[in-house]
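Chains as they are written, first to last, in full-length UniProt numbering: chain A, 1 to 232; chain B, 1 to 405.
Glycine residues also receive a C-beta, built at the ideal position from the N, C-alpha and C atoms.
Structure first, then comments.
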């Protein structure tokens, strides 16, 4: 039996509790095992990003708790939580979110530098990751010199840099054309298969949903369905 | 890596960074130059007072300055002068006989301070000959020659070769009157003194006062190196059995006050300039932080802790300030050096300035110590200006920050 990597237990998030309460996520239970490739789907405002943020420790649940690889992150102090994220969770955001003043190589190496990895080791790992995402010829390009798809591939390489157990991606293909989106999904699927990294991504892109092996659907902040499927 | 990111970040908006750096440069240059200009004015005044009036050290009989009577003298003046002259740190010495009295012209009279001088000694001592505007500097060799200020001559309605009478009391407190002929009119940089000080031959005045030729009321000493002021003061005091040696700061306490107030002025002016700059820097950095809310949120999300975010923003502000500071100081130093050699002619205000004892050509100058003070204050400003924008960055919540466009 595979190990549980994400356990969100009875998680709720209420925005503006004192003025006009908005129940973004309500009593959600999510249980994901190591190596899964899960899509979190639902219409806009259904709570996908909020749930993803809470699982990633970027947002604090109003009630409930989140356990990642056996560590209850909801009770961690802020600095420990940042450190936990640095070592255990990789993020890919909707709008690329690279550091604009750094090259592709430096963007990927940034996380490793935060982990105090030696220069030689870092260089090796960065080159390996950029090779994996097919950007070995763009190592010295800054984000402004890369296409949207290339930037998102750099973001994936950065998310992978610290060898995290989980990669959380918030609508990673939302701003990509279909060719770039296809490329990115292939890379993510390959990494999931070969390196056993757990992927959880929010999306309403059918191309992405088809690639997932499990699809959790959120509606109005509640889980509407949680089904497994054969990716196509 | 943070050093590198912070450095590159400040060049993301080149125009904005350039404007901030320029404002720091101009602010500092203006501040430093203004200080140097003011100090140049004061220093000129101090130098004039020391080199053209007081000298570095004066020796008097202890009661002379209290009682203001010519009977309180230094004896063996010639021997003391010889001993002082033999010291290599002493540039020149002169002895004077001094009394107060009344000068009378055919039309009016005025109170004066009468200096009995050795004309040749005073040329090196206070450069009195350089100030002569009309007539000559004790050229006739006659005992009754007198040198008076142009302003006094105007007041007395007299000119060169006019006859005046000096009236004063001798050491026995008897009234003495003597006729003198104006040999020359002088104009110094201190017009108020020109109306009071008159100069006659020392031996003649001593004779009229009833003093011995070896007696004098004042010995003035000019040094080659002011750093030796204290040791020469002690040495010269030891040569005079009944004498009190005072340096120029004791003789003219207001000059000491000028220096002290200038030091205070340095802090106040620099502080005001830097305070204005602080708001400019805070404004720019705050704008820069608020523009990057999303990016900062992303950095926190991927593992950059808040301490490092704070450090990065602080660094950006420091870079901007530390780029501007040295350039501003360098420009200030260059312009002060250049104008310190060539001077700034403000002759259009010369009459007003001269009445306060200031010269019409100002040579800006600033001690190294003042540059260091300004640089340190600039560094502190940079740190203070950096805190608020960095603090604002700390308050960001990563998930909220990422959502912001």
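| Query | Result |
| --- | --- |
| How many Å lie between residue 300 of chain B and residue 104 of chain A at the Cα? | 19 Å |
| For the 8 Å Cβ check, are there 3 or more pairs between the region 154-167 of chain A and the region 89-97 of chain A? | yes |
| Which ranges would you report for the alpha helix (DSSP H) in the region 140-211 of chain B if only whole runs of at least 4 residues count? | 150-156, 191-194, 202-209 |
| Under 8 Å between the Cβ atoms of residue 84 of chain B and residue 133 of chain B? | no |
| Who are the Cβ neighbours of residue 94 of chain A in its own chain at under 8 Å, not counting the five residues just before and after it? | 170, 171, 172, 174, 175 |
| Between the C-alpha atoms of residue 212 of chain A and residue 218 of chain A, what's the straight-line distance to the nearest angstrom? | 15 Å |
| To the nearest whole angstrom, what separates the beta carbons of residue 208 of chain B and residue 164 of chain B, a pair I think is in contact under 8 Å? | Not a contact, Cβ separation roughly 14 Å. |
| Would you verify that the beta carbon of residue 290 of chain B is, or is not, closer than 8 Å to some beta carbon of chain A? | no |
| Pull up the CB-CB distance for residue 328 of chain B and residue 39 of chain B, whole angstroms please, since I reckon it's below 8 Å. | Not a contact, Cβ separation roughly 18 Å. |
| Count the other C-beta atoms from every protein chain shown that fall within 10 angstroms of the C-beta of residue 307 of chain B, then say buried if there are 16 or more, exposed otherwise. | exposed |
| With DSSP collapsed to three states, give me the class of residue 163 of chain A. | coil |
| Does the beta carbon of residue 398 of chain B sit closer than 8 Å to a beta carbon anywhere in chain A? | yes |
| I'd like to know whether the C-beta atoms of residue 73 of chain A and residue 6 of chain A end up nearer to each other than 8 Å. | no |
| So, using beta-carbon positions, are residue 196 of chain B and residue 113 of chain B closer together than 8 Å? | yes |
| Answer with yes or no whether the minimum CB distance from residue 58 of chain A to chain B is below 8 Å. | yes |
| Starting from the C-beta of residue 233 of chain B, find all residues in its chain whose C-beta is less than 7 Å away, skip the five residues before and the five after it, and write them out in chain order. | 57, 245, 247 |
| Quick one, are the C-beta atoms of residue 145 of chain B and residue 180 of chain B less than 8 Å apart? | yes |
| CB residue 58 of chain A to CB residue 51 of chain A, shorter than 8 Å? | no |
| Could you work out which residues of chain B lie near residue 10 of chain A, taking near to mean beta carbons separated by less than 7 Å? | Those within 7 Å of residue 10 of chain A in chain B number zero; the least Cβ separation is about 20 Å. |
| For residue 122 of chain A, would you say it is in contact with chain B, using Cβ-to-Cβ distances shorter than 8 Å as the test? | no |
| Check whether the region 187-196 of chain A and the region 114-126 of chain A are in contact - that is, three or more C-beta pairs closer than 8 Å. | no |
| Going by C-alpha distance, which of B:104, B:31, B:97 is nearest residue 204 of chain B? | B:97 |
| Ignoring anything shorter than 3 residues, give me the beta strand (DSSP E) runs that lie fully in the region 62-143 of chain B, in order along the chain. | 90-104, 109-117, 132-135 |
| Scan the region 294-314 of chain B for residues whose Cβ lies nearer than 9 Å to a Cβ of chain A and list them as they occur along the chain. | 294, 295, 297, 298, 299, 300, 301, 302, 303, 304, 305, 306, 307, 308 |
| With burial defined as no fewer than 16 other Cβ atoms inside 10 Å of the residue's Cβ, what is the status of residue 145 of chain A: buried or exposed? | exposed |
| Could you check what DSSP says for residue 137 of chain A in three-state terms: helix, strand or coil? | helix |
| With DSSP run on the structure shown, which of helix, strand or coil describes residue 405 of chain B? | Confidence at residue 405 of chain B is low in this model, with a pLDDT of 39, below 50, so the placement of that residue should be treated as unreliable; the coordinate-derived value is given next. Here residue 405 of chain B sits in coil by DSSP. |
| Taking C-beta pairs closer than 7 Å, name the residues in chain A that residue 287 of chain B reaches, listed in chain order. | Near residue 287 of chain B there are no residues of chain A at all, since even the closest Cβ is about 17 Å away, more than 7 Å. |
| For residue 58 of chain B, list the residues DSSP reports as bridge partners. | B:220, B:246 |
| Over the uninterrupted beta strand (DSSP E) stretch that includes residue 270 of chain B, give me the two end residues. | Counting along the chain, residue 270 of chain B falls outside any beta strand (DSSP E), though it belongs to the alpha helix (DSSP H) covering 253-291. |
| Checking contacts by CB at 8 Å: is residue 76 of chain A closer than that to chain B? | no |
| For the region 103-117 of chain A, which residues have a CB atom closer than 7 Å to at least one CB atom of chain B, in sequence order? | 110, 111, 113, 114 |
| Could one say the Cβ of residue 93 of chain A lies closer than 8 Å to chain C's Cβ atoms, at least one of them? | Among the protein chains of the structure shown, namely A and B, there is no chain C. |
| In the DSSP assignment, find the unbroken beta strand (DSSP E) run with residue 6 of chain A in it and report its ends. | 4-15 |
| Alpha carbon to alpha carbon, what distance is there between residue 19 of chain B and residue 49 of chain B? | 44 Å |
| Measuring only the C-alpha atoms, how far is residue 262 of chain B from residue 34 of chain B? | 12 Å |
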